[in-house]
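Working notes, beginning with the structure itself.
Protein chains in written order, with UniProt numbering: chain G, 1 to 462; chain L, 1 to 462.
Written as structure tokens, this is what we have:
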């Protein structure tokens, strides 16, 4: 157990002697290049290790995961984050919503995240809402005013029932439909009466093709009579490829049968344990889904559950430090460094390079040797067309420079999208992507290996 | 975007008409048996769905994961939760610490969780702490008072150096050690000067066997001269089985060489991406680890990243409701229910049973038919020795009954341990465990299937 005085000490910590440099949020980053450089008194900076690593790891991981989902779904699909109930508590879910939006999602079902960050909200009613109804008799107020306000339909429910009969009688649909579930029909009609301009129905409470779809269509057609356009349906179980294709056929048949232009294009949303792989499989099979609601696999980051960012001491009192390890991937790159991204003629980033702070910056049009940090033979001269410095000062401590303003979430999201578009496609293809190269300057290379040799204990060859 | 008025409505929601029944926290539970029963006005109860599911899913999952780690590690090992830096933000980490403790962990490295819940705190210094030192010259104050206060050692650092020479000269150790890293030695000596009664060293910053271990032993032996007992070491990389065994040999050799009783039993802590499988593999190889620090795989729940608890409407206005699905596992069990655990003669739980609220409770010594909820042929008579009702009222709404006090965390943790010990071992063995049976009464069985038949749309056989 700790002394209360320790918590008082923590409360009183002063970060005005700390300087923080960071790559702008929403940037594409690569392993080995530091995301942040933190300078200051060693005790304070060591206390920052855990909060910084905690705040960066999951945020970066879930943003990346969202971007991967966007990549496989394609630009034209609507992606909705539905992860609240599977995240690590309320705040884990808030982080998930924020960073999924940053990574390219369009909306969240997390109302608080929408409120806090202005993320568009999307969702549907629940299965419980559907099963809370028993029959159409439970709808007391059945009046609905036309969208243009011109007249009032006194019995919307009867209009829905008429449409259901017409659908069931239609030659082009006769083979599809029998009796539908009446409690589901009551739930849909009631929902449409409350939200006639945003009627989106969850159609799998009882049976998608034999109940959910005809019930939805009857309500959507009744709304259409009054000038409203229904939003669409959501599938939450079963074979999503098959059900979406069958549903689309029904929508097209209704468009044709009743001459309702645009009914065939009604939005089909799919959910139910979706992830990169299942979306990829749906794409290969063919499907008619317009929008995906993704939860569990998105917020728990199924393809990689944790990101391993670490915080390493690289220099103290102007003396560079190295952390060795039997695992080369865990050897830290010493020294206070500056980091640059070098771009080629086609506008793509070619390579990132880390240099010692005392070295001159790389310049556009000038040849520079880029070396692999650990492998002697991996090196190449590069003449960049354009050079971008990666680390910017966001917290200059007590100096005269102002602390940086952070851009709004939407701007960070745009940066993220643009950065991904700027990458050479082979770096981000799903199968066997070309690794992006991260290098060090010749001077830094020599210094790393000088330090490595001198810090390792004397002994046999490693 | 939502209207601000909606948030005002949410803020004003009154739960005094809601009653909440729950299985006590820290109980072992099985699929299909409701963890909670929530009664009240439908709108309010539907709004409780997402927060309840969010708060229960991850908490239950990570507690279960912790209990699985305890099961594979065995009772004698110390288990420490080190997950803060890989959890879903600060609050995801707080949940992880709390529920890992509940599931059988001994301590956490999350200082705030220790402060909030009284969980014992354990951890070591960082690699950065070690590499922040350059040499022994950096230690200004080298005095250390004997543990019993009897005298003061004026130069603890020289004492450490003497011990390092003795270790290096000792015949029984000569083959092991060469020169050690001096910055590491400085870091250890400095740490011991500040915390002589709790010296625990992270020994893999440079090289475990050639630097970390001899440096640790020199400091531990110097502390021993002054009456202090070092706590031990932590291995955070490399082959943990091999390194722990080699380290133990050195500790035993030192005990013998310098006649220091107990030195051989020095605590060896291991960390570095541990999980159930790696601990199981270590057990099979043989190792000398006394304590495990587990982070990433624990808090991200590697073996199953999410728990799929759902919230289903089972009755409205005294009318039972069912949610159907093409996936039988997703069909909900209708009706307001009471749930019981039936125990056999040996004291083990035999089966859980759900009954309709109107049915009489099962009684000890009386025969009762337990039926699989969906499969006609799976049924058996059971005569329980003891019957436990599972759901208890914690929030009786506005009734005269008092709201239940929640037990302290330590008591919940004890309940969890005891419940696991009460289970028949074949239900919790790692390979092919016998599934524990969950049943319904004959009346509830008939009712489920009556409702299923009548709610499903008329059509072909399913």
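A virtual CB, placed ideally from N, CA and C, is assigned to each residue, including glycine.
Sub-7 angstroms separation of residue 223 of chain G and residue 196 of chain G beta-carbons: yes
Residue of G:95, G:86, G:304, G:269 minimising C-alpha distance to residue 245 of chain G: G:269
Contact under 7 angstroms by Cβ, residue 187 of chain G with residue 129 of chain G: One thing to note: residue 187 of chain G has its Cβ within 7 angstroms of the Cβ of residue 129 of chain G.
Contact set between the region 85-107 of chain L and chain G, restricted to residues whose Cβ is under 9 angstroms from the partner: 85, 86, 87, 88, 89, 90, 91, 92, 93, 94, 95, 96
Residue 60 of chain L and residue 321 of chain G closer than 7 angstroms at C-beta: No.
C-beta neighbour in chain G for residue 132 of chain L, strict 7 angstroms: Closer than 7 angstroms: yes.
Any C-beta of chain G under 7 angstroms from that of residue 461 of chain L: The pLDDT assigned to residue 461 of chain L is 46, lower than 50, so where the model puts this residue is not dependable; a value taken from the coordinates is nonetheless given after this. No - not a single Cβ of chain G is within 7 angstroms of the one on residue 461 of chain L.
Assigned secondary structure, residue 106 of chain L (DSSP; H/G/I helix, E/B strand, else coil): Taken through DSSP and simplified to helix, strand or coil, residue 106 of chain L comes out as coil.
Identity of the residues DSSP links to residue 80 of chain L by a beta bridge: L:107, L:293
Which residues DSSP lists as bridging residue 437 of chain L, in chain order: L:351
Proximity of residue 41 of chain L and residue 17 of chain L at Cβ, strictly below 7 angstroms: Taking 7 angstroms as the Cβ cut-off, residue 41 of chain L and residue 17 of chain L qualify as a contacting pair.
Proximity winner among G:162, G:404, G:323, G:436, relative to residue 127 of chain L (alpha-carbon distances): G:323
Whether residue 14 of chain G touches residue 89 of chain L by CB criterion (7 angstroms): Not a contact, by the Cβ cut-off of 7 angstroms.
Interfacial residues, the region 41-54 of chain L to chain G, with Cβ spacing under 8 angstroms: Against chain G - using a Cβ distance shorter than 8 angstroms - the residues of the region 41-54 of chain L are 42, 46, 49, 50, 51, 53, 54.
8 angstroms CB neighbourhood of residue 343 of chain L in its chain, flanking five on each side removed: 349, 350, 384, 385, 386, 387, 388
Runs of alpha helix (DSSP H) lying entirely within the region 204-287 of chain L, each at least 4 residues, in chain order: 213-225, 240-257, 276-285
Continuous alpha helix (DSSP H) assignments of at least 4 residues falling wholly in the region 107-152 of chain G: 111-117, 127-131
Residue 32 of chain G to residue 333 of chain G span [Cα, whole Å]: Rounded to whole angstroms, residue 32 of chain G to residue 333 of chain G spans 8 angstroms at the Cα level.
Nearest-angstrom Cα separation, counted from residue 174 of chain G out to residue 367 of chain L: 52 angstroms
Under 7 angstroms between C-beta atoms of residue 28 of chain L and residue 38 of chain L: no
Residue 330 of chain L and residue 357 of chain L closer than 7 angstroms at C-beta: no
With 16 other Cβ atoms within 10 Å as the buried cut-off, status of residue 362 of chain L: buried
Inter-residue Cα distance where the pair is residue 413 of chain L and residue 26 of chain L: Each residue's alpha carbon lies about 6 angstroms from the other.
Residue 340 of chain G, enclosing beta strand (DSSP E) - first and last residue: 337-343
Where residue 382 of chain L sits in the DSSP three-state scheme: Residue state, collapsed to three classes: strand.
Proximity of residue 468 of chain L and residue 436 of chain L at Cβ, strictly below 7 angstroms: Residue 468 of chain L is absent from the structure shown; chain L starts at 1 and stops at 462.
Local conformation of residue 371 of chain L per DSSP, three classes: strand
Contact belief for residue 66 of chain G with residue 104 of chain G at Cβ below 8 angstroms, rounded distance in angstroms: 6 angstroms
Contact between the region 301-319 of chain L and the region 137-145 of chain L (3+ Cβ pairs under 8 angstroms): no
Cβ-Cβ distance between residue 20 of chain G and residue 395 of chain G below 7 angstroms: yes
Same chain, Cβ closer than 7 angstroms to residue 73 of chain L, five either side skipped, listed in chain order: Excluding positions up to five away in sequence, the list reads 79, 279, 292.
Within 7 angstroms, strictly: CB atoms of residue 355 of chain L and residue 338 of chain L: In contact: residue 355 of chain L and residue 338 of chain L (Cβ atoms closer than 7 angstroms).
Cβ-based contacts, 8 angstroms cut-off: residues of the region 176-192 of chain L near chain G: 178, 179, 180, 181, 183
Whole-angstrom distance between residue 198 of chain L and residue 9 of chain L, CA atom to CA atom: 54 angstroms
Straight-line Cα distance separating residue 380 of chain G from residue 194 of chain L: 49 angstroms
Under 7 angstroms by beta carbon: chain L residues contacting residue 219 of chain G: Correct list: empty, because the minimum Cβ distance to chain L is about 16 angstroms.
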